[in-house]
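The sequence shown begins at 18 in the numbering used here and counts up one residue at a time.
Where is the CB? At the ideal position from N, CA and C, for every residue including glycine.
Data first, discussion second: the structure below is written as structure tokens.
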Amino acid sequence: ARLGFGRVILIDFDTVEHRNLNRILHSTIDDADNRLLKVLGAARAITEYRGPDVATPVALSIDQRDAVIAAAQGDVLFSCVDTLLARQIADLMASAFVMPLFDMGVTIPARGVEGDEIAIIDAVGRIDYVQPGGSSLMTRGVHDPARVRAEYLAKANPDQHAVELDAGYFDGVAEQAPSVISLNMRAASAAMNEFILRAYPFQLSG
Numbered sequence: 018a019r020l021g022f023g024r025v026i027l028i029d030f031d032t033v034e035h036r037n038l039n040r041i042l043h044s045t046i047d048d049a050d051n052r053l054l055k056v057l058g059a060a061r062a063i064t065e066y067r068g069p070d071v072a073t074p075v076a077l078s079i080d081q082r083d084a085v086i087a088a089a090q091g092d093v094l095f096s097c098v099d100t101l102l103a104r105q106i107a108d109l110m111a112s113a114f115v116m117p118l119f120d121m122g123v124t125i126p127a128r129g130v131e132g133d134e135i136a137i138i139d140a141v142g143r144i145d146y147v148q149p150g151g152s153s154l155m156t157r158g159v160h161d162p163a164r165v166r167a168e169y170l171a172k173a174n175p176d177q178h179a180v181e182l183d184a185g186y187f188d189g190v191a192e193q194a195p196s197v198i199s200l201n202m203r204a205a206s207a208a209m210n211e212f213i214l215r216a217y218p219f220q221l222s223g
């Protein structure tokens, strides 16, 4: 919004929680106390520095029909989601609507060491640009049907998920491990710079 986008369509069903306050810009303790919808908080902030009619909040999950229709009204799709299913849907939308897609994600893999200590192995940010008519997130291995099914099963039928996990049908699905704002913002900034570079080539080549 601060870069001057004419309209920003915000799609998220979730509400602000206290554990979000370390990484969601403009969120407040009062927002968390009142479980404010994240899209309403973001729209409020955008309106304060850009004025009305820039932010369009859509308080739905991306797997709902009206959310997909809302996303289709944009020119570029930015995906910064937590689940493989949502990432798969963004990938399918980019293909179906012939939309450029910028998908981003961060991870901080860790392992146990002596005692109860945890050691960080790495801090990784990933930016994928999906060009209409080119490769997809699926062909790049960002998501695949087996892992999407495993993620769904873990939520819908934990007992069956445990049985299949124990039998070795799939690897474990990573637990939610929120990242700190410093890594999230680096990934978000890299994604926006990638967009600017492709929309307005500014680097010297050759």
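Annotated as proximal: Phe95 and Phe119, with beta-carbon spacing under 8 Å.
A Cβ-Cβ distance of about 4 Å is found for the pair Ala204 and Gly142, placing them in contact under the 8 Å criterion. With a cutoff of 8 Å on beta-carbon distance, Ala140 and Leu200 are scored as near each other. Counting only runs of 3 or more residues that sit fully inside the stretch 114–198, the beta strand (DSSP E) segments are 118–124, 127–129, 135–137 and 141–147, in chain order.
The bridge partners DSSP lists for Ile28 are Val75.
Take Ala76, set aside five residues on each side of it, and the residues of its chain with a beta-carbon closer than 8 Å to its own are Asp29, Phe30, Leu54, Val56 and Leu57, in chain order. Only residues of its own chain outside the window of five on either side were considered, and among them Ile26 have a CB closer than 6 Å to the CB of Gly91, listed in chain order. Only residues of its own chain outside the window of five on either side were considered, and among them Asn39 and Arg40 have a CB closer than 7 Å to the CB of Ile198, listed in chain order. If you draw a 10 Å sphere on the C-beta of Ile46, you find fewer than 16 other C-beta atoms in it, and that means exposed. Of the candidates Val93, Ser206 and Asp99, Val93 places its Cα closest to the Cα of Phe22. When the five nearest sequence neighbours on each side are left out, the beta carbons in the same chain lying within less than 6 Å of the beta carbon of Ala62 are those of His43, in order along the chain. A straight line joining the alpha-carbon of Leu154 with that of Val165 spans about 13 Å. Between Asp83 and Met110, the alpha-carbon positions lie close to 13 Å from each other.
Spanning the alpha carbons of Asp70 and Asp161 requires a straight line of approximately 37 Å.
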